[in-house]
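According to the numbering used here, the residues represented by the sequence shown are 111 to 668, in order.
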Amino acid sequence: MKTWMGIALAALLATPALAAPPPKPKLIIVISVDQFSADLFAQHRSRFTGGLKRLASGVVFPSGYQSHAATETCPGHSTITSGMRPAETGIVGNGFWDAARGQTVYCIDDGVTPVAGMTVTRSPAVLKAPTLGAWLKDANPASQVWAVAGKDRAAIPMGGARADGAFWWNETSGGFTTFVPAGTTAADRLKPVAAFNTALVTGWKTKPPAWALRDKTCAAQFGKQVYDGVTVDHRVPSAGWTPPAKGATFADDPAFQTWFRASPEFDRVILELAMKVLDEQKLGRGTATDMLSIGLSATDYVGHRFGTEGPEMCDQLAWLDARIGAFLAHVDTLKIPYVVALTADHGSIDAAERAAIRAFPQAKRLDTSAVWTALNTAVAAEFKLDYQPLAGDPGQITIVDFGDPDPVLRAKLSDFIVKWLRTRPEVAAVFTKAELLASKPPRGLAPDAFTLAQRFAASTDAERSGDVQVAWAEFATPFRVDPARPYIAGHGSPWNYDRRVPMLFWWPGATGFEQPLAVETVDIAPTLAAVAGVKAPPVDGRCLDLDAGAGDSCAAKP
């Protein structure tokens with residue numbers, strides 16, 4: 111005769127058998143919501159009723175980590191589909207010192223490949239690691255890989271070197287653009303988006319984009335606040351741009367571009383283009399597994415411009431939830447097996463002034479440019495050189511010799527800089543590149559247990575990183591507010607509020623579960639590779655088992 115305990119135990123052990131593993135997908139969708147911190151996800155999760163609610167019913171890792179210190183857009187995006195930390199992708203910051211070119215360069219500026227309709231050079235050649243898209247193509251050359259984003263530093267790192275197309279918003283003239291490799295033409299490269307661009311800008315002449323309040327509860331946060339002497343009038347729709355008269359051309363208006371990118375309309379347009387690419391390229395309907403990566407950028411611009419705790423972010427996330435829901439509903443109509451992964455390139459902290467008056471007086475604002483000026487003055491007085499030996503920025507300092515290497519002088523400069531910085535109250539820690547290259551985190555160490563040195567090591571490259579790297583004080587915002595470009599909040603620190611991001615996996619019929627323990631964004635690519643049945647090369651990340659039952663989604667053989 112079975113006891114009640116025996117019956118209960120048998121039922122518990124039988125439950126996992128009911129869980130369905132993720133099916134081999136015809137389409138992998140990877141979504142990055144720029145600056146969507148784990149804190150924002152937790153704070154607003156109960157409000158979600160659309161796409162984010164759907165994704166949060168799947169497999170949820172609320173404590174995902176961009177485990178490195180350089181919590182900026184470019185490095186973060188480089189981890190998501192590569193499975194590698196920035197130390198291996200080579201994308202150590204939004205910019206870094208290029209010794210060959212003798213200057214600080216943008217993270218995906220190869221100095222060679224032009225961008226259609228712009229006067230800049232961009233390409234994935236700067237990325238040192240292959241991505242999931244390449245792994246798919248290695249397994250089956252018929253796989254299609256496409257990337258759509260608001261920013262080039264999202265589209266290019268997520269799509270990778272072998273993407274069939276990577277498109278991002280042209281912030282100077284409107285519409286979406288791409289890089290133009292040698293042997294191709296701008297017209298050919300833009301064909302997949304040309305009609306969309308034309309229809310978009312033409313349509314705006316009669317119906318300009320507008321930010322309508324979606325969630326009325328956000329209106330309770332309306333009001334004025336002063337940040338570093340600059341007053342921001344928090345409300346929705348946000349101030350700063352007035353739609354022109356019907357028929358006017360305004361896509362190349364800088365005021366419009368600033369307003370548009372810091373509004374939910376930006377994500378709407380990105381997702382509409384993603385739907386167009388999905389349909390016209392017939393993704394998920396061929397013989398192989400295809401991949402579409404989507405970089406949603408509005409949350410980041412809203413966070414910088416208005417902070418994370420005002421009505422603008424409140425309403426932005428309501429719109430984000432709704433529009434991801436509409437996008438997924440469109441994918442449902444294709445009747446194909448697909449899997450979605452959603453995460454973020456980094457987290458964030460609210461504007462220091464608002465955090466300080468809302469029960470967190472430790473929050474403050476630092477003038478790191480003043481530290482940089484004082485450091486350069488001190489170096490000049492100490493060494494009396496006839497050139498400026500420091501390049502980069504206050505957080506990533508490169509010692510330059512302009513072709514006349516002097517190891518003894520370099521060592522003396524490095525020692526002086528480190529000792530000088532360690533006397534500053536704004537500085538939490540200082541590391542040399544040599545120290546960091548010897549501090550790589552051991553395999554298996556949980557990202558929430560990384561030391562400060564290990565966090566910096568995770569985004570230190572021998573060629574591209576600064577000779578001296580600085581951790582500013584925790585809860586400090588390391589910049590002043592520029593009235594001409596009033597960004598009031600930021601990110602980029604090694605502290606957990608900038609490192610922690612949600613990681614969500616979902617597929618039709620998913621049996622969801624939640625794992626609160628710390629994982630990394632570098633785990634996403636090998637996890638999706640296993641689900642797709644393709645082989646991943648050795649990477650920093652590990653496969654996460656998405657099967658809620660006794661099965662193991664990581665066990666399938668390629």
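Think of the CB as a built atom: it goes at the ideal place given N, C-alpha and C, for glycine as much as any other residue.
| Would you report the Cα separation of residue 123 and residue 179, rounded to the nearest angstrom? | If you number the sequence shown from 1, residue 123 lands on position 13. If you number the sequence shown from 1, residue 179 lands on position 69. The predicted model places residue 123 with a pLDDT of 48, which falls under 50 and marks its position as unreliable; any figure quoted below should be read in that light. Residue 123 and residue 179: Cα-Cα distance of roughly 42 Å.
| query | Can you list, in chain order, the residues of its chain whose CB lies under 7 Å from that of residue 663, leaving out five sequence neighbours each side? | reply | What you label residue 663 is simply residue 553 of the sequence shown in a count that begins at 1. Excluding residues within five positions, the ones whose Cβ falls inside 7 Å are 131, 132, 640, 641, 655, 656 and 657.
| Would you call the CB atoms of residue 156 and residue 190 closer than 7 Å? | Locating residue 156 in the sequence shown gives position 46, counting from the first residue. Locating residue 190 in the sequence shown gives position 80, counting from the first residue. The answer is no: Cβ separation not under 7 Å.
| task | Report yes or no: do three or more beta-carbon pairs, one from the stretch 227-236 and one from the stretch 274-290, lie closer than 8 Å? | result | yes
| request: Kindly confirm or deny that the stretch 308-317 and the stretch 328-341 touch, where touching means at least three C-beta pairs closer than 8 Å. | output: no
| Assumed close pair residue 542, residue 528 - CB separation to whole angstroms, cut-off 8 Å | For the purposes of this step, residue 542 is identified with residue 432 of the sequence shown, where counting begins at 1. For the purposes of this step, residue 528 is identified with residue 418 of the sequence shown, where counting begins at 1. Contact holds; Cβ gap of about 6 Å.
| said: Would residue 161 and residue 434 be called neighbours here (beta carbons separated by less than 7 Å)? | reply: Counting from 1 along the sequence shown, the entry for residue 161 is found at position 51. Counting from 1 along the sequence shown, the entry for residue 434 is found at position 324. Result yes, Cβ atoms of residue 161 and residue 434 sit closer than 7 Å.
| task | Starting from the C-beta of residue 464, find all residues in its chain whose C-beta is less than 7 Å away, skip the five residues before and the five after it, and write them out in chain order. | result | As a working mapping, residue 464 is identified with position 354 in the sequence shown. Counting only Cβ-Cβ distances below 7 Å, and skipping sequence neighbours, we find 335, 417 and 419.
| query | Is residue 611 near residue 457, with beta carbons less than 7 Å apart? | reply | If you number the sequence shown from 1, residue 611 lands on position 501. If you number the sequence shown from 1, residue 457 lands on position 347. Yes, these two residues count as a Cβ contact at 7 Å.
| said: If you reduce the DSSP assignment to three classes, tell me which class residue 610 lands in. | reply: Within the sequence shown, residue 610 is the residue found at index 500, counting from 1. In this structure, residue 610 counts as strand in the three-state DSSP scheme.
| query | Whose C-beta lies closer than 6 Å to the C-beta of residue 372 among residues of the same chain, with five residues either side of it excluded? | reply | Counting from 1 along the sequence shown, the entry for residue 372 is found at position 262. These residues qualify, in order along the chain: 411, 412 and 415.
| field | Spatial distance of residue 111 from residue 659 (CA atoms) | value | As a position in the sequence shown, residue 111 is number 1, starting the count at 1. As a position in the sequence shown, residue 659 is number 549, starting the count at 1. Its pLDDT being 43, under 50, residue 111 is placed unreliably in this model, and the value from its coordinates should be taken loosely. Distance between the alpha carbons of residue 111 and residue 659: 28 Å.
| Strand pairing of residue 630, partner residues [DSSP] | The residue you call residue 630 lines up with position 520 of the sequence shown. 175.
| request: Return the residue from the list 220, 619 and 466 that minimises the CA-CA distance to residue 290. | output: Along the sequence shown, one-based indexing puts residue 290 at 180. It is 220.
| message | Measuring only the C-alpha atoms, how far is residue 238 from residue 272? | response | Along the sequence shown, read from residue 1 onward, the residue named residue 238 stands at position 128. Along the sequence shown, read from residue 1 onward, the residue named residue 272 stands at position 162. Computed Cα separation, rounded: 13 Å.
| query | Measuring CB to CB, does residue 625 end up less than 7 Å from residue 171? | reply | As a working note, residue 625 is residue 515 in the sequence shown. As a working note, residue 171 is residue 61 in the sequence shown. Contact: yes.
| said: Buried or exposed, going by whether 16 or more other CB atoms sit within 10 Å of the CB of residue 216? | reply: Position 106 of the sequence shown, counting from 1, holds the residue named residue 216. Classification for residue 216: buried.
| With a CB to CB cut of under 7 Å and the five nearest residues on each side skipped, what residues in its chain are close to residue 202? | The residue you call residue 202 lines up with position 92 of the sequence shown. Closer than 7 Å at Cβ, skipping near neighbours: 180, 185, 196, 569, 570, 571, 574 and 575.
| Between the beta-carbon of residue 473 and the beta-carbon of residue 480, is there less than 7 Å? | What you label residue 473 is simply residue 363 of the sequence shown in a count that begins at 1. What you label residue 480 is simply residue 370 of the sequence shown in a count that begins at 1. Their beta carbons are not under 7 Å apart, which means residue 473 does not touch residue 480 by this criterion.
| task | Give the straight-line distance between the Cα atoms of residue 200 and residue 326, rounded to the nearest whole angstrom. | result | Residue mapping note: residue 200 aligns to position 90 of the sequence shown, counting from 1. Residue mapping note: residue 326 aligns to position 216 of the sequence shown, counting from 1. Cα-Cα distance, rounded: 44 Å.
| Anyone know if the C-beta pair for residue 377 and residue 406 falls short of 7 Å? | If you number the sequence shown from 1, residue 377 lands on position 267. If you number the sequence shown from 1, residue 406 lands on position 296. Result yes, Cβ atoms of residue 377 and residue 406 sit closer than 7 Å.
| Where does residue 650 sit, in a helix, a strand or coil, going by DSSP? | Indexing the sequence shown from 1 puts residue 650 at position 540. Coil.
| Of the choices 447, 550, 449 and 476, whose alpha-carbon is the least far from that of residue 461? | Translated into positions along the sequence shown, residue 461 becomes position 351. Per the Cα distances, 476.
| said: Let's test the definition: count the other Cβ atoms within 10 Å of the Cβ of residue 298 and tell me whether it reaches 16, buried, or not, exposed. | reply: Along the sequence shown, read from residue 1 onward, the residue named residue 298 stands at position 188. Exposed, because fewer than 16 other Cβ atoms sit within 10 Å of the Cβ of residue 298.
| Which two residues bound the contiguous beta strand (DSSP E) that contains residue 257? | Numbered from 1 along the sequence shown, position 147 holds the residue referred to as residue 257. That run of the beta strand (DSSP E) goes 255-259.
| Exposure of residue 134, with buried meaning 16 or more beta-carbon neighbours within 10 Å | In the sequence shown, residue 134 corresponds to position 24, counting from 1. Residue 134 should be labelled exposed.
| Beta carbon of residue 449, beta carbon of residue 505: below 7 Å? | Translated into the one-based positions of the sequence shown, residue 449 becomes position 339. Translated into the one-based positions of the sequence shown, residue 505 becomes position 395. Contact: no.
| field | In DSSP terms, what residue 541 is bridged to | value | Here the question's residue 541 lines up with position 431 in the sequence shown. For residue 541, which the question treats as bridged, DSSP gives the partners 579.
| query | Would you say residue 306 and residue 393 are within 7 Å of each other, going by their C-beta atoms? | reply | Taking the first residue of the sequence shown as position 1, residue 306 is located at position 196. Taking the first residue of the sequence shown as position 1, residue 393 is located at position 283. The answer is no: Cβ separation not under 7 Å.
| Under the three-state reduction of DSSP, which class applies to residue 393: helix, strand or coil? | Stepping through the sequence shown from its first residue, residue 393 is reached at position 283. Residue 393: coil per DSSP, three-state reduction.
| query | Are there 16 or more other CB atoms within 10 angstroms of the CB of residue 490, so buried, or fewer, so exposed? | reply | Within the sequence shown, numbered from 1, the residue matching residue 490 stands at position 380. Residue 490 should be labelled exposed.
| task | Can you tell me which of the three DSSP states residue 656 falls into? | result | Sequence index remark: in the sequence shown, residue 656 carries index 546 (1-based). Reduced to three states, the DSSP call for residue 656 is coil.
| query | In the structure shown, what three-state DSSP assignment does residue 530 receive? | reply | Taking the first residue of the sequence shown as 1, we reach residue 530 at position 420. Three-state DSSP puts residue 530 in a helix.
| request: Taking residue 268 as part of the alpha helix (DSSP H), name the residues at either end of that continuous run. | output: The residue you call residue 268 lines up with position 158 of the sequence shown. Counting along the chain, the alpha helix (DSSP H) containing residue 268 begins and ends at 262-269.
| said: Quick check: the stretch 604-623 against the stretch 137-153, are at least 3 beta-carbon pairs closer than 8 Å? | reply: yes
| task | Look at the alpha carbon of residue 288 and the alpha carbon of residue 205, and state the distance between them as a whole number of angstroms. | result | Within the sequence shown, residue 288 is the residue found at index 178, counting from 1. Within the sequence shown, residue 205 is the residue found at index 95, counting from 1. The alpha-carbon atoms of residue 288 and residue 205 are separated by roughly 20 Å.
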